[in-house]
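Scroll down for the structure; my scribbles are underneath it.
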Amino acid sequence: MNRAAIVARGLHKSFKGAKGGTQEVLRGIDFEVGQGEVFALLGSNGAGKTTAIRILATLIAADGGTAEVCGFDVARQGRKVRECISLTGQFAAVDDILTGRENLIMMGKLRHIPDPRGEAERQLATFGLTEAADKPLSQYSGGMKRRLDLAMSMIGSPQVVFLDEPTTGLDPQGRQSVWEVVRTMARSGVTVFLTTQYLEEADSLADRIAVLDGGRIAASGSATQLKSLAPPPKLELSFLEEAEMARALKALAGYDAQACGLSLLVSTDGSVRQAAEVLAALESARIAATFAQRPPTLEEAFLFIIGAGSKTDRSPGTGMIDEDPDNGYADGDSDSSYTGENPEFECTDENLEIECTGEDPDSSYTEGDPDNGYAGRSLTHEGALR
Ligand SMILES: Nc1ncnc2c1ncn2[C@@H]1O[C@H](COP(=O)(O)OP(=O)(O)O)[C@@H](O)[C@H]1O
Ligand SMILES: [Mg+2]
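If you want it as structure tokens, here you go:
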């Protein structure tokens, strides 16, 4: 990994509930994002993704832990952090009355960049919006608005871009076009920190993914590494007749095989050797069947990871795949499963408990002030963050 663009250590955040109780949203999260990386924070609704972004973007202070963005401490060097980042919230924050070009020029002026018109032109071209540049936004599709939103976030050349659920609410076509834009951003060398509830989005865009669950990072790594945490794939055998399936069940007496219609789902360790053994057993009994085995999807891995998290009260069991590529899914062990208690998995969850100063004397952000010191976007849409 290059020098880290974002480092979070033991971040804690609680909110006071309406009835006076306290909700612990982040219970000590750690991660690092390298310069130029696309990092996805994946989690269900309410997992704390936006809370994490708001801490990193200096909008709220953590209760404990530390975070650095572009090498600056978010609690003590808020202004410096804001100068190097941009933040795009969950809902498109563009002005419907203005055209695409006018929106971009307005943002360039707010950012005090030297040539707002020239920069608007460049961003329109980069994000494939030149043709639509002079249409008012009321005529843009959701995907186009989102693309413009992201183009606006690139004005001022931020080093780190935070995208909070960039494709929520978009149709598949709009989502694809936003993905393309995120890839364009990444190619330009900026660090992209995105949150998403869509597993395929993280799979498609991110160099690395962290799964936030129960206030902790339940697992992190590449999509491939996360998928390897899922239970091994099952071998699916399909039959034309029930009698044939019954014979197969006998032939596979030593295996865990579940009947499902005219199919048998046979648990294996995912190895070629075991699959070959199962097929050989069918062949030697002259049983006619077709077979298939597919790798686990990221969705299955995600559900498995968060399932494992809840089993262990979401306490320390975290699969930090980065540190441990051999993460407890033992090849050849059909009984292997991910458990939070497996010591090989444990993320060293140093609870740093460093108090953040509640007030940031360096802070120039005032809510509702469009010119709030951010290099990229103004945060006029901050209230729309969820
Ligand atoms: N300012 C706040 N005051 C009280 N509770 C909050 C506040 N911000 C977020 N929360 C709560 O924290 C939890 C996590 O919220 P959030 O970070 O927005 O989740 P996500 O972005 O993953 O959907 C939610 O239960 C939410 O209601
Ligand atoms: Mg959110």
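In terms of my numbering, the sequence shown is numbered consecutively and its last residue is 1139.
Note that beta-carbon positions come from the ideal geometry of N, C-alpha and C, so glycine has one too.
Please read all numbers here as calculations on a predicted model, not as lab measurements.
Label residue i either buried or exposed according to how many other C-beta atoms from any shown protein chain fall within 10 Å of its C-beta, with 16 as the threshold for buried.
i            : result
residue 790  : buried
residue 993  : exposed
residue 775  : exposed
residue 1049 : buried
residue 985  : buried
residue 811  : buried
residue 781  : buried
residue 768  : exposed
residue 963  : buried
residue 906  : buried
residue 785  : buried
residue 887  : exposed
residue 1001 : buried
residue 716  : Nothing about residue 716 can be reported from this structure: the residues present for the chain run from 754 to 1139 only.
residue 999  : exposed
residue 1014 : exposed
residue 817  : buried
residue 831  : buried
In angstroms with no decimal places, state the Cα-to-Cα distance between residue i and residue j.
i            : j            : result
residue 969  : residue 764  : 9 angstroms
residue 1163 : residue 757  : What is shown of the chain runs 754 to 1139, which leaves residue 1163 out entirely.
residue 792  : residue 976  : 11 angstroms
residue 772  : residue 929  : 42 angstroms
residue 1026 : residue 1039 : 20 angstroms
residue 875  : residue 910  : 12 angstroms
residue 1072 : residue 860  : Confidence in residue 1072 is poor, its pLDDT being 35 and thus under 50, which makes the residue's placement unreliable; the coordinate value appears in the next sentence. Each residue's alpha carbon lies about 42 angstroms from the other.
residue 925  : residue 1023 : 32 angstroms
residue 935  : residue 870  : 23 angstroms
residue 987  : residue 951  : 24 angstroms
residue 762  : residue 974  : 17 angstroms
residue 1012 : residue 1059 : 27 angstroms
residue 1020 : residue 942  : 44 angstroms
residue 1009 : residue 1043 : 18 angstroms
residue 957  : residue 851  : 33 angstroms
residue 955  : residue 921  : 13 angstroms
residue 879  : residue 893  : 17 angstroms
residue 923  : residue 799  : 20 angstroms
residue 1029 : residue 787  : 42 angstroms
residue 889  : residue 857  : 12 angstroms
residue 820  : residue 796  : 20 angstroms
residue 824  : residue 868  : 28 angstroms
residue 939  : residue 919  : 14 angstroms
residue 898  : residue 953  : 22 angstroms
residue 864  : residue 981  : 44 angstroms
residue 866  : residue 1051 : 41 angstroms
Checking 7 angstroms against the spacing of the C-beta atoms, do residue i and residue j come in under that value?
i            : j            : result
residue 891  : residue 849  : yes
residue 840  : residue 915  : yes
residue 1017 : residue 1056 : no
residue 842  : residue 882  : no
residue 902  : residue 847  : yes
residue 838  : residue 872  : no
residue 917  : residue 949  : no
residue 1005 : residue 971  : no
residue 766  : residue 828  : no
residue 967  : residue 927  : no
Roughly how far, in whole angstroms, is the beta-carbon of residue i from the beta-carbon of residue j, given that I think they are within contact range, below 8 angstroms?
i           : j            : result
residue 983 : residue 1054 : 4 angstroms
residue 931 : residue 961  : With 8 angstroms as the limit, residue 931 and residue 961 do not qualify as a contact, their Cβ atoms being about 20 angstroms apart.
residue 778 : residue 804  : 5 angstroms
residue 979 : residue 801  : The Cβ separation is near 19 angstroms, so there is no contact.
residue 759 : residue 913  : 7 angstroms
residue 995 : residue 1041 : Incorrect: roughly 13 angstroms between the Cβ atoms, too far for contact.
Cβ of residue i versus every heavy atom of ligand 4: is any distance shorter than 6 angstroms?
i           : result
residue 921 : As for ligand 4, it is missing from this structure, which binds only ligand 1 and ligand 2.
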